[in-house]
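Colleague:
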Ligand SMILES: [Zn+2]
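The following block contains the structure:
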């Protein structure tokens with residue numbers, strides 16, 4: 031097996047090694063060195079990125095599509111294209127995310143995700159995120175209200191059978207119907223339960239957390255308003271040391287002031303930067319079909335054509351990292367952590383991915399000083415830019 035040496039400024043969980051090197055072997059990180067001297071490893075290829083950032087591959091646990099492709103279309107080829115877009119953003123693991131829809135449509139999307147996850151794609155499909163249909167009608171955001179429903183015992187059995195061992199993150203409104211009562215069963219099935227699209231009060235959200243929910247879907251978007259006498263689910267999530275919170279950091283979904291509130295209240299080891307990107311990500315401005323609805327992309331904003339409601343983003347995760355660096359003044363290792371190690375930990379994968387550490391999967395993103403992607407490596411193999419002829 032060929033060894034590969036990557037040189038550059040290494041972003042480790044707690045510090046930067048300037049002009050260091052990584053040795054990748056058999057798809058894993060074999061060695062990390064400070065020495066500016068490249069070791070004598072006969073036969074090893076050297077990829078020299080001195081002057082650039084060498085980061086762990088990013089992890090996005092919430093995205094619906096890109097480049098005209100949409101997870102809900104249930105197409106394996108579409109997922110392949112979405113994976114290529116992720117690699118171009120420095121993302122090496124992601125959770126394709128479904129929308130509120132009839133159960134049959136969700137199941138069809140699950141089947142496609144399972145098939146795509148077994149393929150050799152340029153970015154790993156590490157699991158699936160089911161966003162709905164068990165959300166709050168009052169906080170539906172851009173979710174289609176026609177298909178919003180409360181969890182039924184049969185639904186859960188059907189979904190558990192369809193998902194099998196695929197790692198599952200599910201967004202629910204715990205206060206709707208009997209949804210809260212199903213959290214322990216979901217946790218028992220190995221799912222990560224996320225509160226989101228929810229009108230939960232502070233107490234209701236705390237009951238969901240006590241029942242096993244430990245994730246919060248795009249904090250501040252589609253939540254009950256923050257009030258100083260009823261802080262709602264937002265207050266419960268901000269108060270919890272255990273719950274991971276997603277943030278869409280495109281500068282449109284959440285004001286930088288509230289990004290700072292969440293980041294500094296919860297710390298970088300509980301914040302997951304996500305894109306929530308739609309099929310319009312990577313496409314020019316225009317009107318696009320989106321399930322039964324239409325979306326309008328203008329600049330960095332995507333809105334439902336009919337109601338003008340914000341509908342996901344066209345954010346690239348590396349740009350989300352760049353924004354948070356600017357808004358918080360935190361160090362690069364701290365901000366990269368929110369887009370790699372912390373989201374990996376939120377779904378239980380932090381032992382194998384999410385940081386440049388010996389023995390972990392060799393998923394690496396190389397960024398320039400403006401956080402644009404220069405190269406991406408998956409399991410020690412270069413996947414972006416694609417080589418000519420491939
Ligand atoms: Zn979403």
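In my numbering, the protein residues as written are 31 to 420. Each residue gets a CB set at the ideal place from its N, CA and C atoms; glycine is no exception.
Quick check: what's the CA-CA separation for residue 373 versus residue 249?
Modeller: For residue 373 and residue 249, the distance between alpha carbons rounds to 14 Å.
Colleague: Quick check on this structure: which residue in 370, 386 and 401 has the alpha carbon closest to the alpha carbon of residue 124?
Modeller: Ranking the options by Cα distance to residue 124, first place goes to 370.
Colleague: Could you give the distance in angstroms between the alpha-carbon of residue 99 and the alpha-carbon of residue 112?
Modeller: Each residue's Cα considered, the two are about 7 Å apart.
Colleague: In or out: residue 173 buried (at least 16 other Cβ within 10 Å) or exposed?
Modeller: Residue 173 comes out buried.
Colleague: When the Cα atoms are used, what is the spatial distance from residue 41 to residue 295?
Modeller: When rounded, the distance between both Cα atoms is 24 Å.
Colleague: With distances taken from CA atoms, which of 333, 184, 191 and 288 is nearest residue 212?
Modeller: Of the listed residues, the one whose Cα sits closest to residue 212 is 184.
Colleague: Under 6 Å from any heavy atom of ligand 1, does the C-beta of residue 306 make it?
Modeller: Because some heavy atom of ligand 1 lies under 6 Å away, the Cβ of residue 306 counts as near it: yes.
Colleague: Tell me, please, whether the region 227-234 touches the region 144-155 by the rule of three or more beta-carbon pairs shorter than 8 Å.
Modeller: Too few Cβ pairs lie closer than 8 Å, so no.
Colleague: Ligand 1 and residue 416: does the residue's C-beta get closer than 6 Å to at least one heavy atom of that ligand?
Modeller: False, no ligand heavy atom lies under 6 Å from that Cβ.
Colleague: Take residue 179 and list the residues in its own chain whose beta-carbon comes closer than 6 Å to its own, dropping the five residues that flank it on each side.
Modeller: For residue 179, where only same-chain residues beyond five positions count, the Cβ hits under 6 Å are 163.
Colleague: By DSSP, does residue 294 sit in helix, in strand, or in coil?
Modeller: Note: residue 294 maps to helix in three-state DSSP.
Colleague: Locate the alpha helix (DSSP H) running through residue 137, then write down its first and last residues.
Modeller: 133-147 is the span of the alpha helix (DSSP H), which, as asked, contains residue 137.
Colleague: For residue 161, verify whether its CB is less than 6 Å away from any heavy atom of ligand 1.
Modeller: For ligand 1, at least one heavy atom lies less than 6 Å from the Cβ of residue 161.
Colleague: Quick one: complete alpha helix (DSSP H) runs, 4+ long, within the region 141-220?
Modeller: If we require 4 residues or more, the alpha helix (DSSP H) runs fully inside the region 141-220 come out as 183-193 and 213-218.
Colleague: Buried or exposed: where does residue 142 fall if 16 or more other Cβ atoms within 10 Å of its Cβ makes it buried?
Modeller: That one is buried.
Colleague: Grab me the residues of residue 97's own chain with a C-beta within less than 6 Å of its C-beta, minus the 5 sequence neighbours each way, in chain order.
Modeller: 111, 115 and 312.
Colleague: Alpha carbon to alpha carbon, what distance is there between residue 402 and residue 151?
Modeller: Rounded to the nearest angstrom, the two C-alpha atoms are 21 Å apart.
Colleague: Can you check DSSP and say which residues form a bridge with residue 426?
Modeller: The shown model of the chain, from 31 to 420, leaves out residue 426, and the question about it has no answer.
Colleague: Is there a Cβ from chain D that is less than 7 Å from the Cβ of residue 270?
Modeller: Protein chain content of the structure displayed is limited to a single chain, and chain D is not contained in it.
Colleague: What does the Cβ neighbour count give for residue 259, buried or exposed, with the cut at 16 atoms within 10 Å?
Modeller: Its Cβ having fewer than 16 others within 10 Å, residue 259 is exposed.
Colleague: On the criterion of 16 or more Cβ atoms from any shown chain inside 10 Å, does residue 365 qualify as buried, or is it exposed?
Modeller: The residue is buried, with at least 16 neighbouring Cβ atoms inside 10 Å.
Colleague: Can you give me the Cβ contacts of residue 203 inside the same chain, cut-off strictly under 8 Å, excluding the 5 residues immediately before and after it?
Modeller: Contacts found: 164, 165, 166, 169, 209, 225, 226, 227, 228, 229 and 230.
Colleague: Excluding the 5 residues flanking residue 318 on each side, which residues of the same chain have their C-beta closer than 6 Å to its C-beta?
Modeller: 310 and 325, listed in sequence order.
Colleague: Taking only runs that begin and end inside the region 323-359, name each unbroken beta strand (DSSP E) of 3 or more residues, in chain order.
Modeller: Listed in chain order, they are 323-328 and 331-334.
Colleague: In three-state DSSP terms, what is residue 237?
Modeller: Note: residue 237 maps to helix in three-state DSSP.
Colleague: Considering residue 3, what are the terminal residues of the beta strand (DSSP E) in which it resides?
Modeller: No statement about residue 3 is possible, as the shown extent of the chain runs from 31 to 420 and does not include it.
Colleague: Tell me whether residue 407 is buried or exposed, calling it buried when 16 or more other Cβ atoms sit within 10 Å of its Cβ.
Modeller: Buried, by the Cβ-count rule.
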